[in-house]
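Taken in order, the sequence shown gives residues 31 to 147; the numbers are from our numbering.
Working notes, beginning with the structure itself.
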Amino acid sequence: QVQLVESGGGLVQAGGSLRLSCAASGRIFSANVMGWYRQAPGKQRELVANIISGGSTNYADSVKGRFTISRDNAKNTVYLQMNSLSPEDTGVYYCRLTVILGNADYWGQGTQVTVSS
């Protein structure tokens, strides 16, 4: 079993920055995708960014140029640096780990990000 623990959420003013972290523990296969999703009130959960264990990244158009995803494979941790935040970025941010070529998918409990105008 794999556990994901997110941290780093909070309240920030528009234009500010936050850095989210997600630490994975348990039996983790090296070939995986780690990513961040968010869910705003009344909206569906959406992909923010993800990163494959080899380093390739993918971003939602709405965050390109503002957010940066990175990972430390030795620590099984993924980060999301969020800059130039706007109220539209408000939501619960979830970490996800998907095993490549496997039937395993894990989610964290979520961390709240609130951006005030």
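Ideal Cβ positions, reconstructed from N, Cα and C, are used throughout, including at glycine.
Exercise. Roughly how many whole angstroms lie between the Cα atoms of Gln111 and Thr98?
Worked result: Mapped onto the sequence shown, residue 111 falls at position 81. Mapped onto the sequence shown, residue 98 falls at position 68. Rounded to the nearest angstrom, the two C-alpha atoms are 5 Å apart.
Problem set entry | Residue of Gln139, Asn106, Pro117, Ser147 minimising C-alpha distance to Gly56 | Taking the first residue of the sequence shown as position 1, residue 56 is located at position 26. Answer by Cα proximity: Asn106.
Problem set entry | Beta-ladder partner(s) of Leu115, from DSSP | As a working note, residue 115 is residue 85 in the sequence shown. Partner(s): none; Leu115 has no beta bridge.
Exercise. Does DSSP classify Ser60 as helix, strand or coil?
Worked result: Locating residue 60 in the sequence shown gives position 30, where the first residue counts as 1. Residue state, collapsed to three classes: coil.
For this session: Between the Cα of Val78 and those of Ser147, Ser100, Asp135, Ala54, spot the shortest distance and give me the residue it belongs to.
Result: Position 48 of the sequence shown, counted from the first residue, corresponds to residue 78. Looking at the Cα atoms, Ser100 is the closest of the given residues.
Exercise. According to DSSP, what are the bridge partners of Leu152?
Worked result: Within the shown structure, residues of the chain are numbered from 31 to 147, placing residue 152 beyond reach of any answer.
For this session: Below 8 Å CB to CB, which residues in the same chain sit around Ala90 once its five sequence neighbours on both sides are set aside?
Result: Residue mapping note: residue 90 aligns to position 60 of the sequence shown, counting from 1. Counting only Cβ-Cβ distances below 8 Å, and skipping sequence neighbours, we find Glu76, Leu77, Val78, Ala79.
Problem set entry | Per DSSP, cross-strand counterpart(s) of Thr98 | Against the sequence shown, residue 98 aligns to sequence position 68. For Thr98, which the question treats as bridged, DSSP gives the partners Gln111.
Exercise. Where Lys94 and Gln31 are concerned, what is the direct C-alpha to C-alpha distance, given to the nearest angstrom?
Worked result: Residue 94 sits at position 64 when you count from the first residue of the sequence shown. Residue 31 sits at position 1 when you count from the first residue of the sequence shown. Those two C-alpha atoms are separated by around 33 Å.
For this session: Compute the Euclidean distance between the alpha carbons of Gly46 and Ala70, then round it to the nearest angstrom.
Result: Within the sequence shown, numbered from 1, the residue matching residue 46 stands at position 16. Within the sequence shown, numbered from 1, the residue matching residue 70 stands at position 40. So the alpha carbons of these two residues sit roughly 19 Å apart.
Problem set entry | Spatial neighbours of Val122 in its chain, beta-carbon cut-off 6 Å, leaving aside the 5 residues before and after | Indexing the sequence shown from 1 puts residue 122 at position 92. So the qualifying residues of the chain are Gln69, Gly140, Gln142.
For this session: Report the residue from Leu131, Leu50, Asp119, Gly39 whose alpha carbon sits nearest the alpha carbon of Val108.
Result: For the purposes of this step, residue 108 is taken as the residue at position 78 of the sequence shown. Taking only the C-alpha atoms, the option nearest Val108 is Leu50.
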